[in-house]
Structures are given as structure tokens and as C-alpha cells.
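For the record, the sequence lines run as chains P and A.
Residue numbers 181 to 433, in our numbering, belong to the letters of the first sequence in order.
Residue numbers 181 to 433, in our numbering, belong to the letters of the second sequence in order.
A virtual CB, placed ideally from N, CA and C, is assigned to each residue, including glycine.
I have placed the structure first, in the form of C-alpha cells, so that the comments after it can refer back to it.
There are 2 protein chains.
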Amino acid sequence: MKEIQGVKNPLIKELRKLQQKKYREKEGRYLMEGFHLVEEALRAKAPVELLLVTHKGLAEWGEWLDQQSVTRYLVSDEVMKSLSDLPTPPGIMGILTKTEAGKVDFTGRWLLLDRVQDPGNVGTMVRTADAAGFDGVVLGHGCADLYSTKVLRSTQGSQFHLPVVQRALPEVIEAFRSQKIPVYGTELNEAAKGFQEVAPTANVALVMGNEGQGVASEILALTDQNLYIPIYGQAESLNVGVAAGILMYHFRS
Amino acid sequence: MKEIQGVKNPLIKELRKLQQKKYREKEGRYLMEGFHLVEEALRAKAPVELLLVTHKGLAEWGEWLDQQSVTRYLVSDEVMKSLSDLPTPPGIMGILTKTEAGKVDFTGRWLLLDRVQDPGNVGTMVRTADAAGFDGVVLGHGCADLYSTKVLRSTQGSQFHLPVVQRALPEVIEAFRSQKIPVYGTELNEAAKGFQEVAPTANVALVMGNEGQGVASEILALTDQNLYIPIYGQAESLNVGVAAGILMYHFRS
């Protein structure tokens, strides 16, 4: 296995650029931190270009690594630290090629996100959609980038289990409505319909919105119905990831 | 208003220690960052000892500040930065006295947390308990400190709306059981009971556990029944804050 010690190595300098969204988009690849995610990626036969492993990582996962047919480099802790955004850099990192799901079928249960900005919220909702057996997630414009390490960390690998696509929400909503699949927006407004009044269903598109502003009014105007989750106490609102979980499991129950 | 410019000012040095849990416990006070939380604290008549405000904060909230009868200091951006754990320090910070709820009544709906370590998760669950109209939250040993700025940020002020107490869980569980109030643990185990099979109820204690390990087996052994949330897809688990939201709203529905 080739060894890279210095942070100024040309390959490492190239990879470090992938911490920025513009380079991920330009180059069509991204970084993935930590054993759990890398293992999920390989299990899902995702396109892993190469692996970087520290000495410590090699000691821990050497046997597992020997079974993988992926190019790998041994790197110093310093190199790993220069690529990681974690306080304690991981022992292993993957470099993956971005693969957009091809033609997706907008039927079944889908989660649509409108300008959700917090990476942890986006990732958690992808993970919850997976757990709830949803059929896919659409990230509308202005959402946190799926390929940032923070989002990936929160997904816990769920992006390998269901399609997560980037599309303009109005077109997607139209695709559902043209098939008579109900599209529900969410609002913090008691004029909307309490979610408990809507029956679970096998086909549904659920739109969750920005942390501060909710779903944009232009989007709310395109839905069949807008729902709210009652607030019984004095909190002003729910965290959007928690709200999405409550609603997705409602549609399953 | 007195002005403090230097980070070596004795008061500021004293306050900076409150970033550490041991000093918060020793001194019985804590820092609270940002206008929204400080406003909630004053509205709830929480014991705010003093306020620190930057020039920018003064420009923004000067009128509001004039209506508050709390000692305040004008501080430099440098001072605020030295006290804050945010990348962009807030324009206002409060120093509050810790107040433990006195005798609490373990009836109604309560959320019990067993070694939940992520500050964001603890805070989000307090916020969700408030939204769901729960009557209180118990933090068992090993939970993230309620008085850390990260937890406080995620609570969004909900700790002023319902009692949040630190107690040993076995005693609390016994208090509920002695009143015939059902205590439900949570498990990632299909041998447990699916939550949809349990009816909503006005009296309930729900125990959520550590992110990696779940609820400790000693605690699970003390409950009336343990519940699980079905996983319909390929995710290994749900985020604990999302799971708590699904269950708390289930008990309300």
C-alpha cells in the first residue's frame, strides 16, 4: 500500500478541495468520513474511488480492508486531519463518485424538502425517511448539500437505501398531482389541517420547509392540503426533523 | 452602563469559567447566549443576574433593554467572543442562577432520559416535550448538562415552560409505578411491543436512551413494558430525538 505523509502531496491537495461544494460539483466526487459510512457505501456497491487509511485505522480494519478491491493509501494522522472536519479525525475516509439516481418514479411515499439549511436536519430526515420505508427524498433548491460531510454523517448511510434527488419542487409536485397522489405541505398555522385528521396512505408527497421560515408560500399554494402538528405546550415550534418524523410515521400507521 | 473592554477583566475571567460544567455546579450559575433565549428567560421570570451586551446588541435591542431591570454591562466584541462557543458570537448574553425545580409531582406525561449524551438531542427532546404538552422531563445520570450553552440553544427556551429535573431514574420510575402510572422503556428490538399497539394516555412515563446503546438493561428491567418503533426500510435506527417525538405525539393522539 502506498503511503502519503505530507499534507502538501498533490493528491491530498486535490482531495482537500472537495470540502467545498463548488469543487464537489465540478469534479463530481466527494469525501466520506468514518468506517460506518464507508462500509455502508461498499455494501451498497456505491462507486468508491479510493480509500485513505491511517496507521490506527489499518490496525483496526486491516482484515476487512484486505477483502475490499478498492485502491487505498496509508496516510499520516496529519493528512487525515487536513481532510476531515471532525475534531477527532476518523481512521478511514472514502472518496466517492457522485451518482445521481437516473429516472425516478414519483409514486409511493416521498419526502420533499424546501430550503432546509441545517446539514444535520437534512441528513436526519433522509435517515428517518429510510426508517419509515419512504420511497425517496427530493431536495429542492436551497437545501444543504447532500454531499457535505455533515449531511452524510447524519444520514448514517441511508442515502444508499433510497433515492435522494435534487429537483425543483414545483415540477415534482406537479408530477405527483398529475397522478392524483396527494401532496401535503406543512404550516405552523392552525388554519391548516391537523395531521391526525388525515388518513395514512400508501401514496403521498410530504413537504417540509426551512427552519425559520417554513415552506415557501409559493410552494404551499401548489399543494392539495397543508397540515400542522398541534402544539400543546408553550414551545413556538418543533424541530423540522422531529416534525418530519412524526408525520412520516403517521402516514405509515 | 459600565463598559468592559478587556478579556482579562476579573468579572469576565470569572464568567468564562462557566463554560465548564464543574464551575457551573460549584457556582450555581450559567451562561445563556442570544436574544431569543434571554428574552424567554426574562419573560419566564427566571433569575437573570446580569446581562452582557455588545455595541451592536445595544443598537439592536437598546429600547427593549431599557425596559429590563437587570444589571448590564456593555462589552467589546472580543469579550463576547471569549465567552461564547458560537462561530459568530451573539450580541447579548445572560448570566443566570441555576434553579432546581422544588418538589415535583410525578403525574401526567413525563419524558425520562437515560444517558443521552448529545447536547442537541437533549435540548431537542426538552423542546419537543414542551410542544407535546408533556408535564416534565427527567435527566438521569450521564445526560448532557442542561446548563451547557449547546443544550440551552436546542431547548429554545422550553426549559422555562416545564420542569426539567436531574434525578436517578430508578427512583423516578418507582414513583410512577407506585401510582400505577405506566412506565414504557424503548428498545430497538422487535421482541418489544410496537408503539402503535399501546393506547394514548394522560399519564405515562416514557424512557429514551443513549444514542449508541439505547436504554440500559437495568432500567429496561424496571419498566412495565418496552416499546419499539418499527423500521420499515433499511436504516438501523432512528435518531433518538426523532424517536422521542414520534412516541410523545403518539401518546397525545
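Checklist entry - In three-state terms, what does DSSP make of Asp307 of chain A? => result As a position in the second sequence, residue 307 of chain A is number 127, starting the count at 1. Note on residue identity: the sequence assigns Arg, not Asp, to residue 307 of chain A. Annotated three-state conformation of Arg307 of chain A is helix, per DSSP.
Item to check | First and last residue of the uninterrupted beta strand (DSSP E) at Gly365 of chain A | outcome: Your numbering for residue 365 of chain A matches position 185 in the second sequence. DSSP places Gly365 of chain A in the uninterrupted beta strand (DSSP E) bounded by 363 to 366.
Next on the checklist: Please report whether the beta-carbon of Tyr364 of chain A lies at a distance below 8 Å from any beta-carbon of chain P.
Outcome noted: The sequence position of residue 364 of chain A within the second sequence is 184, counting from 1. With its beta carbon at least 8 Å from every one in chain P, Tyr364 of chain A lies outside the interface.
Item to check | Residues near Ser433 of chain A in its chain [Cβ-Cβ closer than 6 Å; skip 5 each side] | outcome: Start at 1 with the first residue of the second sequence, and residue 433 of chain A comes out as number 253. For Ser433 of chain A, where only same-chain residues beyond five positions count, the Cβ hits under 6 Å are Pro380.
Item to check | Pairwise C-alpha distance: Ala396 of chain P and Gly208 of chain P | outcome: Here residue 208 of chain P refers to the residue found at position 28 of the first sequence. Here residue 396 of chain P refers to the residue found at position 216 of the first sequence. Taking the straight line joining both Cα atoms gives about 30 Å.
Next on the checklist: If you reduce the DSSP assignment to three classes, tell me which class Gln393 of chain P lands in.
Outcome noted: As a working mapping, residue 393 of chain P is identified with position 213 in the first sequence. Reduced to three states, the DSSP call for Gln393 of chain P is coil.
Next on the checklist: Quick check on the DSSP output: what are the complete alpha helix (DSSP H) runs of length 4 or more inside the stretch 201 to 242 of chain A, in order along the chain?
Outcome noted: Taking only runs of at least 4 residues, the alpha helix (DSSP H) segments lying wholly in the stretch 201 to 242 of chain A are 201 to 207, 215 to 223.
Item to check | Validate contact between the stretch 292 to 300 of chain P and the stretch 346 to 365 of chain P using beta carbons, cut 8 Å, 3 pairs | outcome: Yes, the stretch 292 to 300 of chain P touches the stretch 346 to 365 of chain P.
Next on the checklist: Which runs of the alpha helix (DSSP H) at least 4 residues long sit entirely within the stretch 311 to 339 of chain P? Give them in chain order.
Outcome noted: Those alpha helix (DSSP H) runs which fall completely within the stretch 311 to 339 of chain P and span 4+ residues are 329 to 335.
Checklist entry - What distance in whole Å lies between the Cβ atoms of Arg252 of chain P and Leu263 of chain P, which are believed to be in contact at a cut-off of 8 Å? => result Mapped onto the first sequence, residue 263 of chain P falls at position 83. Mapped onto the first sequence, residue 252 of chain P falls at position 72. Contact doesn't hold; Cβ gap of about 14 Å is too wide.
Checklist entry - Who pairs with Glu377 of chain P in a beta bridge, going by DSSP? => result As a first step, residue 377 of chain P is located in the first sequence; it is residue number 197 there, counting from the start. Its beta-bridge partners do not exist; DSSP assigns none.
Checklist entry - DSSP state of Glu416 of chain P, grouped into three classes? => result Numbered from 1 along the first sequence, position 236 holds the residue referred to as residue 416 of chain P. Of the three classes helix, strand and coil, the one that applies to Glu416 of chain P here is coil, per DSSP.
Next on the checklist: By alpha-carbon positions, which one of A:Lys202, A:Met212, A:Val187 ends up nearest to Thr335 of chain A?
Outcome noted: If you number the second sequence from 1, residue 335 of chain A lands on position 155. Distance check between Thr335 of chain A and each of A:Lys202, A:Met212, A:Val187 places A:Met212 closest, using alpha-carbon atoms only.
Next on the checklist: From the DSSP secondary-structure annotation, give me the bridge partner or partners of Glu183 of chain A.
Outcome noted: Within the second sequence, residue 183 of chain A is the residue found at index 3, counting from 1. As computed with DSSP, Glu183 of chain A is found in a beta bridge with A:Leu254.
Next on the checklist: Considering only DSSP beta bridges, list what Arg289 of chain P is partnered with.
Outcome noted: For the purposes of this step, residue 289 of chain P is identified with residue 109 of the first sequence, where counting begins at 1. Looking at the DSSP assignment, Arg289 of chain P forms a beta bridge with P:Val384.
Checklist entry - What are the boundary residues of the alpha helix (DSSP H) that Ile353 of chain P is part of? => result As a working mapping, residue 353 of chain P is identified with position 173 in the first sequence. 349 to 358 is the span of the alpha helix (DSSP H), which, as asked, contains Ile353 of chain P.
Checklist entry - If we cut at 8 Å on Cβ distances, does Leu349 of chain P have a partner in chain A? => result Stepping through the first sequence from its first residue, residue 349 of chain P is reached at position 169. Proximity of Leu349 of chain P to chain A, defined by a Cβ-Cβ separation below 8 Å, is not satisfied.
Checklist entry - Counting only beta-carbon atoms, is Asn419 of chain P nearer than 8 Å to chain A? => result Position 239 of the first sequence, counting from 1, holds the residue named residue 419 of chain P. Chain A, which has a Cβ nearer than 8 Å to the Cβ of Asn419 of chain P, makes this yes.
Checklist entry - Quick one, which of A:Ala415, A:Tyr429, A:Glu194, A:Leu407 has its alpha-carbon nearest Ala311 of chain P's? => result In the first sequence, the residue the question calls residue 311 of chain P occupies position 131. Nearest neighbour of Ala311 of chain P by Cα position, chosen from A:Ala415, A:Tyr429, A:Glu194, A:Leu407, turns out to be A:Ala415.
Checklist entry - Thr268 of chain P to Lys193 of chain P, Cα distance in whole Å? => result Taking the first residue of the first sequence as position 1, residue 268 of chain P is located at position 88. Taking the first residue of the first sequence as position 1, residue 193 of chain P is located at position 13. Approximately 20 Å between the Cα atoms of the pair.
Next on the checklist: So with CB distances below 9 Å, who are the chain P contacts of Ser262 of chain A?
Outcome noted: Counted from its first residue, the second sequence places residue 262 of chain A at position 82. Those within 9 Å of Ser262 of chain A in chain P number zero; the least Cβ separation is about 20 Å.
Next on the checklist: Looking only at its chain, what residues have a beta carbon closer than 7 Å to the beta carbon of Val352 of chain A, apart from the 5 residues adjacent to it on each side?
Outcome noted: Taking the first residue of the second sequence as position 1, residue 352 of chain A is located at position 172. Counting only Cβ-Cβ distances below 7 Å, and skipping sequence neighbours, we find Phe286, Leu292, Val318.
Next on the checklist: Just to confirm my understanding: we take Ala423 of chain P, look at its own chain, exclude 5 residues before and 5 after, and list those with CB closer than 6 Å. What are they?
Outcome noted: The count along the first sequence starts at 1 and reaches residue 423 of chain P at position 243. Spatial neighbours of Ala423 of chain P in its own chain (CB-CB distance under 6 Å, excluding positions within 5 residues in sequence) are listed in chain order as Ile409.
Checklist entry - Between the stretch 299 to 314 of chain P and the stretch 331 to 350 of chain P, are three or more C-beta pairs nearer than 8 Å? => result With the rule of 3 Cβ pairs closer than 8 Å, the stretch 299 to 314 of chain P counts as touching the stretch 331 to 350 of chain P.
Item to check | Integer Cβ distance of Ile272 of chain A from Val331 of chain A, believed to fall under 8 Å | outcome: Residue mapping note: residue 272 of chain A aligns to position 92 of the second sequence, counting from 1. Residue mapping note: residue 331 of chain A aligns to position 151 of the second sequence, counting from 1. Under the criterion of beta carbons closer than 8 Å, Ile272 of chain A and Val331 of chain A do not qualify as touching, at roughly 19 Å.
Checklist entry - To which residues of the same chain is Thr279 of chain A closer than 8 Å at the C-beta, ignoring the five residues directly before and after it? => result If you number the second sequence from 1, residue 279 of chain A lands on position 99. Once the five neighbours on either side are set aside, the close Cβ partners of Thr279 of chain A are Ala226, Pro227.
Checklist entry - In the DSSP assignment, what are the bridge partners of Met443 of chain A? => result The structure shown does not extend to residue 443 of chain A, since chain A is modelled only from 181 through 433, so no value can be given for it.
Next on the checklist: Going by DSSP, what residue range makes up the beta strand (DSSP E) through Leu195 of chain P?
Outcome noted: Within the first sequence, numbered from 1, the residue matching residue 195 of chain P stands at position 15. First-last for Leu195 of chain P: 190 to 196, but that is the alpha helix (DSSP H), not the beta strand (DSSP E).
Checklist entry - Counting only beta-carbon atoms, is Arg223 of chain P nearer than 8 Å to chain A? => result In the first sequence, counting from the first residue as 1, residue 223 of chain P sits at position 43. No, because no Cβ of chain A sits closer than 8 Å to the Cβ of Arg223 of chain P.
Item to check | Other residues of its chain near Gly322 of chain A: CB distance less than 6 Å, five sequence neighbours each side excluded | outcome: Residue numbering aside, residue 322 of chain A sits at position 142 when the second sequence is read from its first letter. Counting only Cβ-Cβ distances below 6 Å, and skipping sequence neighbours, we find Arg295.
Checklist entry - Around the Cβ of Gly374 of chain A, are there at least 16 other Cβ atoms within 10 angstroms (buried) or fewer (exposed)? => result Taking the second sequence and counting its residues from 1, the one referred to as residue 374 of chain A is at position 194. Per the 10 Å Cβ criterion, exposed.
Item to check | Close-in-space but distant-in-sequence residues of the same chain around Glu220 of chain P (CB under 6 Å, 5 per side omitted) | outcome: On the first sequence, residue 220 of chain P is found 40 positions in, with the first residue counted as 1. Short of 6 Å from the beta carbon of Glu220 of chain P, and not among the five residues preceding or following it, lie these beta carbons of its own chain, in chain order: Gly337, Phe340.
Item to check | Spatial distance of Met260 of chain P from Lys201 of chain P (CA atoms) | outcome: Position 80 of the first sequence holds residue 260 of chain P. Position 21 of the first sequence holds residue 201 of chain P. Their Cα atoms are separated by approximately 19 Å.
Checklist entry - Closest Cβ-Cβ distance between Leu276 of chain A and chain P: below 8 Å? => result Here residue 276 of chain A refers to the residue found at position 96 when the second sequence is read from its first residue. No, because no Cβ of chain P sits closer than 8 Å to the Cβ of Leu276 of chain A.
Checklist entry - Any beta-carbon of chain A closer than 8 Å to the one on Val317 of chain P? => result As a working mapping, residue 317 of chain P is identified with position 137 in the first sequence. By this cut-off, Val317 of chain P is not an interface position.
Item to check | Inter-residue Cα distance where the pair is Thr329 of chain P and Gly274 of chain A | outcome: On the first sequence, position 149 is the one that residue 329 of chain P refers to. On the second sequence, position 94 is the one that residue 274 of chain A refers to. One C-alpha to the other measures close to 33 Å.
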